[in-house]
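Here the protein sequences come in this chain order: E and V.
Following the numbering used here, the numbering of the first sequence begins with 1 at its first residue and continues without gaps.
Following the numbering used here, the numbering of the second sequence begins with 1 at its first residue and continues without gaps.
We put the CB at the ideal spot given by N, CA and C, even for glycine.
Every value quoted in this text rests on a predicted model; they were computed, and no experiment measured them.
Let me begin by presenting the structure, written as structure tokens, before commenting on it.
2 protein chains.
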Amino acid sequence: MSETLPRVVIIGGGFGGLRTAQHLKNIPAAVTLIDRSNHHLFQPLLYQVATAALSPADIAAPIRGVLRKLPNCEILLAEGTGVDTVKQEVYFENRALAYDYLVLATGARHSYFGKDDWEKFAPGLKTIQDATAIRQNILIAFEKAEMEPDSEIRKHYLNFVIVGGGPTGVEMAGSIAELASVALAADFKHIDPTAAQITLIEAGPRILAGFPEVLSENAKRSLERLGVNVITGARVGHIDENGVMIGEKRIFAKTIIWAAGVVASPAGRWLHTDTDRVGRVIVEPNLSLPGHANVFVIGDTALVKDEEGKPLPGVAPVAMQEGVYVANLISNRIKAAQQKKTPPVENPFRYRNKGNLATIGRSSAIADIGKFKLSGFIAWFTWLFVHIFYLIGFRNRLVVIIQWAWSYFTFQRGARLITMDENAKARTNRPQPSEIDNRPRSAARSI
Amino acid sequence: MSETLPRVVIIGGGFGGLRTAQHLKNIPAAVTLIDRSNHHLFQPLLYQVATAALSPADIAAPIRGVLRKLPNCEILLAEGTGVDTVKQEVYFENRALAYDYLVLATGARHSYFGKDDWEKFAPGLKTIQDATAIRQNILIAFEKAEMEPDSEIRKHYLNFVIVGGGPTGVEMAGSIAELASVALAADFKHIDPTAAQITLIEAGPRILAGFPEVLSENAKRSLERLGVNVITGARVGHIDENGVMIGEKRIFAKTIIWAAGVVASPAGRWLHTDTDRVGRVIVEPNLSLPGHANVFVIGDTALVKDEEGKPLPGVAPVAMQEGVYVANLISNRIKAAQQKKTPPVENPFRYRNKGNLATIGRSSAIADIGKFKLSGFIAWFTWLFVHIFYLIGFRNRLVVIIQWAWSYFTFQRGARLITMDENAKARTNRPQPSEIDNRPRSAARSI
Chain E
1 MSETLPRVVI IGGGFGGLRT AQHLKNIPAA VTLIDRSNHH LFQPLLYQVA TAALSPADIA
61 APIRGVLRKL PNCEILLAEG TGVDTVKQEV YFENRALAYD YLVLATGARH SYFGKDDWEK
121 FAPGLKTIQD ATAIRQNILI AFEKAEMEPD SEIRKHYLNF VIVGGGPTGV EMAGSIAELA
181 SVALAADFKH IDPTAAQITL IEAGPRILAG FPEVLSENAK RSLERLGVNV ITGARVGHID
241 ENGVMIGEKR IFAKTIIWAA GVVASPAGRW LHTDTDRVGR VIVEPNLSLP GHANVFVIGD
301 TALVKDEEGK PLPGVAPVAM QEGVYVANLI SNRIKAAQQK KTPPVENPFR YRNKGNLATI
361 GRSSAIADIG KFKLSGFIAW FTWLFVHIFY LIGFRNRLVV IIQWAWSYFT FQRGARLITM
421 DENAKARTNR PQPSEIDNRP RSAARSI
Chain V
1 MSETLPRVVI IGGGFGGLRT AQHLKNIPAA VTLIDRSNHH LFQPLLYQVA TAALSPADIA
61 APIRGVLRKL PNCEILLAEG TGVDTVKQEV YFENRALAYD YLVLATGARH SYFGKDDWEK
121 FAPGLKTIQD ATAIRQNILI AFEKAEMEPD SEIRKHYLNF VIVGGGPTGV EMAGSIAELA
181 SVALAADFKH IDPTAAQITL IEAGPRILAG FPEVLSENAK RSLERLGVNV ITGARVGHID
241 ENGVMIGEKR IFAKTIIWAA GVVASPAGRW LHTDTDRVGR VIVEPNLSLP GHANVFVIGD
301 TALVKDEEGK PLPGVAPVAM QEGVYVANLI SNRIKAAQQK KTPPVENPFR YRNKGNLATI
361 GRSSAIADIG KFKLSGFIAW FTWLFVHIFY LIGFRNRLVV IIQWAWSYFT FQRGARLITM
421 DENAKARTNR PQPSEIDNRP RSAARSI
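Right, dumping it as structure tokens:
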């Protein structure tokens, strides 16, 4: 690629970074996208991999494949380790790359609010490895229960606790409940999987706080109909290999899943700028870094507020719209520079909220779309349609439709695979944010 | 399950063990199938997972799901650790289980002929974990080449060596050649994947020695048409991280795959009986253990000869027919015992060879079916049909058909996932056979 062209470096191949690259397609610039993983992950469906409904490859597309058609974009499989906004350089694996424009789209990871030792007992769900590890934990719990002579311990193996009542927690709880009550029901001789206890714990007053109250209520009822025990206004104070504690009360469970909170990727700290308490970079109205007009931060790594000053949620549509916005901004500036013109006025980024969806297992969901507040089957069908529509790649769509149709009509799960050793649970521990930016690349894929 | 019933214990959920359990369905016995993995693996398609064409779950079915309909069969996810043929007990995870009839169907693993340190450089292909590790090695090699400044080393990353010219080696070579020349061709900016060198090394005078010479010739030509460099009559004397040595000649390659030989699972040695040089148990004509009429060994763990005294190959049809044969034998004996009659005369096991197939990438294969010796597209189509037909589970069949159709028409691969850290290569090292029977269970799934 000719070095006379301005170089745009994008770090992160998630929803935000991918959209940025795609919308820079036809501008005269050398675009480099850096990601530590070779695939773009459709995170909204990750919980289905974690509950054996889909295979990893169904919701992951190789970034090279997705961006193949972009003549001006190169992809580097590498983990960024730092940025120098003065030298205008990005660092990864002992290499430096100079940029004219930088787009930081490095996402977020789950946070244990300082209780990082909880992670080995309660893994979170952000990557394919997280999902296959959790899938394995869930499936092994039933196998251990089947072999366990002690009836008390057997119960503990059949107890599942999900910490955090956001979309991920709700979707996991519903999906595990169905896995136990239907897909596995007939498969064991010594235990009754339908006796499994799924408990969803939310610290706030209601689950799905991002949705209108009426929908939260509907979601709660749907979960309870699936046999999920929903506890709100309860803060988990302790987690170990035998369960969680709420105040003095212990809930025994051999399988615990963490869906309680996220923290922005540490990349934000590379910029030595102001962040909020979860590490999101505070950006200008045009998503640029204060004092660095050519550096942009988007997606879960950025703190962007809506008209009422409420922070935008960490969801795919926000990241995608920010990516498109930044790509257009950069295009305009580059074109203007070439034509020796001043770039057009840059209107602040505005998020167009097309609606929010959450699913509660088979044929039930909630949808908050403008003035429409939908629940039940119709919301679920909307959810189905939207997720298939946004899934990248014809093949993935087709395969996912078939897996879903098959699961829907047979009540079975297609990906009941235990493929890792039992240390996988421990191995999913990733270094703490404070270590991340200088950790060896391999750790980034630790499984 | 009532303990008054005779207990049949089957160790191994492969083609042999599964068939045995299925054909014991309607007899009055308590059947226990023990496997250390929770899924039955369709090994003939494992190379397609290793080359990113299929997902693990596409060729693996949960054993509990497959055998759900069997009222008299329980499944234990555990690793057998020994057998006492005098006490008539099976041991696994500090537990003992008494049997009246034992069927050992524990398969085979790849063998390095004593050069076990080669495994970390040249992993073999027997399990899902092997396949995902090899898939990752192959994909990462291209990524490293893309980032490698030194043109010589870049070449080494684009060299792939497959050791062993049997079906697995041939199928891997063909599939990697196509992955490089087609699926990845357009995805890189700094390297030309079509420049990848794939070398297949066979110690014997010809590849696919199990097939008629004319078919071996056709297969060789097909591979060469795909750009594979086929070397026969060459023995690999040394393997390290930079490639292999044939005599004094070094072939540089960062990715090496071992398909050169297998050894029977160590379970054979639990029986303290005669085995051949690759550890296969020498059995009676009725597949029972000499001196122990109620112990049977089938599949890759047994040495069974055909009419001409040639050992039967370690392929699925042999294991399946042996499983059915043994199941019928046991049924007859149990029924006879109940009716206080003497069991019918037991004719020796006879293998009905329905033919042999091997595929050499896209729309080319060879088929040796009775008097028919087929090559090219028609053989490939036969291969396609047979493999879909024998694949377990409606869902798997449908999904695999779609993935294949998609790959066939788009020339793409659907499962290009790098999901493990780079130590995965090292981690695929499994303990040596001598250690296996007393190694911790977790090691069995080491990924």
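- Under the DSSP assignment, V/D84 falls in the beta strand (DSSP E) whose first and last residues are G80 to D84.
- At a cut-off of 9 Å, the C-beta of E/L125 has no neighbouring C-beta in chain V.
- Spanning the alpha carbons of E/I27 and E/A141 requires a straight line of approximately 53 Å.
- In this structure, DSSP gives V/E89 an extended state, which the three-state scheme calls strand.
- Neighbours of E/W406 in chain V, taken as residues at a C-beta separation under 9 Å, are given in chain order as F394, R395, L398 and V399.
- In this structure, DSSP gives E/E146 a helical state, which the three-state scheme calls helix.
- In the structure shown, V/T273 falls within a coil segment according to DSSP collapsed to helix, strand and coil.
- Fewer than three Cβ pairs drawn from the segment 209–223 of chain V and the segment 86–104 of chain V lie within less than 8 Å of each other, which leaves the two stretches out of contact.
- Think of a sphere of 8 Å around the beta carbon of E/I418: the chain V residues whose beta carbon falls inside it are S37, N38, H39, L77 and R445, in chain order.
- At a cut-off of 9 Å between C-beta atoms, E/F188 counts as an interface residue with respect to chain V.
- Take V/P167, set aside five residues on each side of it, and the residues of its chain with a beta-carbon closer than 6 Å to its own are A358, in chain order.
- Distance from E/G164 to E/G233 at the Cβ level is roughly 14 Å; contact not present, criterion being Cβ atoms closer than 8 Å.
- According to the DSSP assignment, V/V103 belongs to no alpha helix (DSSP H) but to the beta strand (DSSP E) extending over Y101 to L104.
- The DSSP-derived three-state label of E/N332 is helix.
- E/S407 sits in a helix when the DSSP states are folded into three classes.
- Taking V/A196 as the centre and dropping the five residues before and after it, the same chain places the C-beta of L158 and A180 closer than 6 Å to its C-beta, in chain order.
- One finds nothing in chain E with a Cβ atom closer than 7 Å to the Cβ of V/R135; even the nearest lies about 10 Å away.
- V/Q48 has a beta carbon lying at 9 Å or more from every beta carbon in chain E.
- Neighbours of V/P62 in chain E, taken as residues at a C-beta separation under 7 Å, are given in chain order as R416.
- Counting only residues of its own chain and dropping the five nearest sequence neighbours on each side, E/F411 has a CB closer than 7 Å to the CB of V182 and A183.
- If you check the CB distance, E/V103 and E/F296 come in under 9 Å.
- For E/G82, not one C-beta of chain V is nearer than 9 Å to its own C-beta.
- Put simply, the backbone Cα of V/K120 is about 25 Å away from that of E/L417.
- For V/W258, the enclosing beta strand (DSSP E) covers residues T255 to W258.
- Across the structure, E/E307 and E/L384 are spaced so that their CA atoms are roughly 30 Å apart.
- V/S151 is outside the set of residues whose beta carbon lies under 9 Å from a beta carbon in chain E.
- A buried status is given to E/Y47, since no fewer than 16 other beta-carbon atoms sit within 10 Å of its beta-carbon.
- Interface annotation, V/R68: in contact with chain E, CB-CB separation under 9 Å.
- Contact between the segment 298–316 of chain E and the segment 330–342 of chain E is absent: fewer than three C-beta pairs spanning the two stretches fall below 8 Å.
- Note that the C-beta distance between E/T51 and E/I176 is below 9 Å.
- Per DSSP, reduced to three states, the secondary structure at E/P205 is coil, with no helix or strand assignment.
- Counted as a single uninterrupted DSSP element, the beta strand (DSSP E) harbouring V/I366 occupies residues A365 to I369.
- If you draw a straight line from the Cα of E/L391 to the Cα of E/D58, it comes to about 9 Å.
- Residues of chain V with a Cβ closer than 9 Å to the Cβ of E/S55 are, in chain order, S55, P56, A57, D58, V399 and A415.
- Three or more Cβ pairs drawn from the segment 57–75 of chain E and the segment 9–28 of chain E lie within less than 8 Å of each other, which places the two stretches in contact.
- Under a 10 Å Cβ-count criterion, E/S151 is classified as exposed, with fewer than 16 other Cβ atoms of the shown protein chains found around its own Cβ.
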